[in-house]
Structures are given as C-alpha cells and as structure tokens.
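>
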Amino acid sequence: MSFSVRFICILSFLLIMPIEACSMALPWSEVLLRHEEYVLTLQSQDGYITMTPFGANINPYFANLALWGLADNLEYGLVIKKWAIWYINHLNKPDNLGISGTIYDYKITGPNQITPTKDYDSSDSYAATFLTLMRRYYDTTHDEEFLLEIEPELCLISEAIYATRDPEDGLTFAKKNYKIKYLMDNLEVWLGLKDWAYLLDNLYNKPEQAEKVYKDADLIEQSLQKMWQGKYFSFAKDEKGVLFITDTSNFYPDMTAQLMAIAFDLATEEQTSIIWSDFSSRFPKWTQLGHLDSFPWSLMAYTAAKIGDWDNVVKYLDSVELTYGSMNYPYPWYCAESSWYLLTLRRLKKSSK
C-alpha cells in the first residue's frame with residue numbers, strides 16, 4: 032500500500048469510528064518532545080525554516096509561527112536566534128512595492144541556493160509575528176546583547192506594519208496593493224505591536240515610543256470589536272469600511288477567524304461562548320479531523336485549550352497522533368500547524384500539574 036493511500040485509509044477510519052475508541056492516553060510530555068524534534072528538522076544550517084522537512088518552500092510568516100512553539104523552551108534559543116539572523120539578513124530595503132522591512136517568500140532552487148519569489152502573502156502579518164517571536168525569545172533567554180544589536184532592524188520591521196496602516200481605524204491592509212483589512216492579520220498585528228511596545232519600554236528604554244505603540248494597539252482592539260456582528264466577527268473589511276459578509280458554516284476563513292479571536296484574547300467571555308457554541312454545532316467532528324478542510328488546523332485544539340475544553344483537546348490530539356503522528360507528520364501537516372500543536376501541548380502539560 033502506498034504512503035498516500037495508507038494515510039487516507041487511516042484518516043477515513045478515524046472519521047467513522049467513535050471518538051471514545053480513539054482515546055489512547057498518550058504520554059503527552061513525550062509527544063511534546065518528539066514534536067519539538069520535528070520542528071528542528073525544518074531548520075537548515077543557514078538558519079532558514081522550510082514548511083515541511085523535505086520541502087523547498089520558505090514562508091517566513093509560517094516559520095515565525097512555528098518557532099512560537101519553541102520559544103518557551105530555553106534549550107531552543109539558538110534555533111530562534113539563527114532564524115532571526117537569517118530573517119534580518121533577508122529584509123527588503125525596499126521591496127518591489129516600495130516598503131522596507133518586509134521579507135519575501137523563498138524557494139530552494141539548488142544545492143545551497145535559495146531564490147526569492149519577489150512576493151509575500153501579507154506584509155503586516157509577517158512583520159507582526161516576527162516581533163512577537165522576538166518578545167518571546169527575550170522573555171525566555173534574556174538575550175539583551177543580541178536584541179540591542181538588532182534594534183535598527185526591528186524598528187524597520189515595525190515600520191513595515193505602519194506602511195499599510197489606516198490611521199482612521201488603526202487597522203492594517205494585508206499589502207500595499209491588496210487593500211483588505213483581515214481580522215486574522217490584525218489580530219496578529221495587535222499582538223505584535225503590544226510585544227514591540229513591551230520591548231521598547233523594557234529593553235530599549237524608550238517609554239514615549241512604547242506609549243504611542245500601545246495606544247495604536249488599543250485602537251486596533253477597539254476597531255476589531257466594532258467588527259462584531261452579534262453572533263460572529265466579520266472576517267474582513269475593505270478600504271471603504273464595508274464589512275465582508277461572513278458565513279460561519281464556511282470553515283475558512285469565516286470560522287477560523289472566529290477561533291483566532293478567541294486564541295488571541297480579543298473575544299469577550301460572552302463572545303467566546305457564542306463562537307464556541309457555533310463552532311461546536313457546525314463542526315461537531317472537529318476532534319476527529321472532520322472539519323471539512325484539507326489541513327488539520329491545530330488552531331482548533333489551541334482554542335479549546337484556551338477555554339479549558341480539555342476533553343476535546345485530548346480527543347483532537349489523539350486523532351492527530353493516530354494519523355499524522357504515526358507517520359511523522361506528513362503533508363498537509365506543515366510548520367505552522369506545529370506552532371499551535373506545541374502551544375496546545377504546553378498548556379495541556381501545565382494543566383496536568
């Protein structure tokens with residue numbers, strides 16, 4: 032039986048068997064360690080992170096997320112530092128849209144050779160998730176020397192966020208030539224600016240700049256809350272301020288945007304209850320990977336962990352280990368899945384103490 036056929040058979044079996052039959056009571060500390068080792072296989076000697084162990088694509092946004100999952104562990108400080116050095120050495124000054132501080136996606140095109148695609152999915156999210164990674168790196172390693180050294184580059188990266196910011200509502204467009212304000216992107220920007228302000232205040236001794244950035248982050252929060260439509264957040268807003276029609280029966284991006292609102296602590300307690308009830312009703316087999324999307328979306332488990340739905344967290348983790356984990360996480364598992372998976376495992380480990 033071929034590898035792909037075997038995977039499809041296992042996944043199909045999982046989707047039709049009772050959830051109770053899937054529970055394996057795995058040693059989650061061992062799973063955590065094994066998955067950290069998986070992420071380590073994604074890094075080259077030069078420092079870049081590929082999307083999959085044998086893949087040729089380098090997406091800096093997904094790589095930033097992947098390393099969020101390692102950032103709490105001091106043992107992996109050098110891994111993050113190597114990535115940060117590579118990232119900074121590949122900043123655009125400026126890019127083909129005239130913005131400095133952005134970074135392109137890259138492809139491996141030969142032995143020891145990578146080539147930029149001359150494009151990126153979103154300038155706001157790439158920059159914001161890197162700033163958050165640097166805050167988490169600092170919190171864990173207290174590596175002041177390195178972060179002081181790269182302060183000019185971090186300033187440039189923060190400016191890439193502001194390059195597409197609308198001063199009216201504080202929200203950012205995905206790209207200079209793509210004038211859509213996505214809820215998911217702006218959640219990352221909201222967090223990224225708060226983390227940047229923290230570094231400005233606590234490391235770089237620039238309290239006035241920090242205060243301004245904190246205020247900018249507060250405006251983002253206020254504007255995102257205005258996207259709440261009573262039962263859900265609109266997943267996007269155009270440059271004229273018109274909210275996108277949102278149907279949470281569509282898993283992506285409509286429903287996933289709601290999950291991110293919980294994961295990033297935007298949603299209030301009441302909003303969280305409404306969203307989680309809607310999600311659980313529309314996608315009742317999510318713990319069995321039956322959410323009608325080709326990707327496993329470990330963000331679902333992280334969201335469940337945030338609200339303390341541990342029974343369903345464990346059921347989801349069991350499902351992943353029975354399918355992806357049994358074959359060392361083949362595609363469509365990729366580096367960003369590892370981020371939310373590791374963060375979920377860490378929360379589970381802490382909750383079990």
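Remember, this note's numbering sits 31 above the position in the sequence shown when you count from 1. From the three backbone atoms N, C-alpha and C, an ideal C-beta is built for every residue, glycine too.
Which term fits Ser-329, buried or exposed, when burial requires 16 or more other beta carbons within 10 angstroms of its beta carbon?
buried
> Cβ atoms of Gln-76 and Val-110: under 8 angstroms apart, would you say?
no
> Using a 10 Å radius around the Cβ and a threshold of 16 neighbouring Cβ atoms, would you call Asp-342 buried or exposed?
exposed
> Can you tell me the Cα-Cα spacing of Tyr-245 and Asp-200, whole angstroms?
15 angstroms
> Could you tell me which residues DSSP pairs with Asn-88 in its beta bridges?
Lys-138
> The ligand GTP heavy atoms versus the CB of Lys-237: any closer than 7 angstroms?
Annotation note on the ligand GTP: not contained in the displayed structure, which lists no ligands.
> Taking only three categories from DSSP, how would you classify Leu-274?
Strand, per DSSP.
> Which residues does DSSP pair with Phe-264 in a beta bridge?
Trp-259
> Could you pull the start and end residues of the alpha helix (DSSP H) that Thr-81 belongs to?
No alpha helix (DSSP H) contains Thr-81, which DSSP labels as neither H nor E.
> Do you know whose CA, among Asp-155, Ile-181, Asp-152 and Ser-154, lies nearest Lys-166's CA?
Note that residue 166 is Arg in the sequence shown, not Lys. Answer by Cα proximity: Ile-181.
> Please work out which residues of its chain come closer than 7 angstroms, Cβ to Cβ, to Asn-217, disregarding the five sequence neighbours upstream and downstream, and give them in chain order.
Leu-202, Thr-203, Ile-251 and Leu-255
> Among Leu-374, Pro-84 and Thr-171, which residue has its Cα nearest to the Cα of Ala-294?
Of the candidates Leu-374, Pro-84 and Thr-171, Leu-374 places its Cα closest to the Cα of Ala-294.
> Would DSSP call Thr-172 helix, strand or coil?
helix
> Buried or exposed: Gln-319, going by 16 or more other Cβ atoms within 10 Å of its Cβ?
buried
> Distance, Cα to Cα, Leu-234 vs Leu-179?
8 angstroms
> Report the rounded CA-to-CA distance for Glu-67 versus Asn-127, giving the unit in angstroms.
36 angstroms
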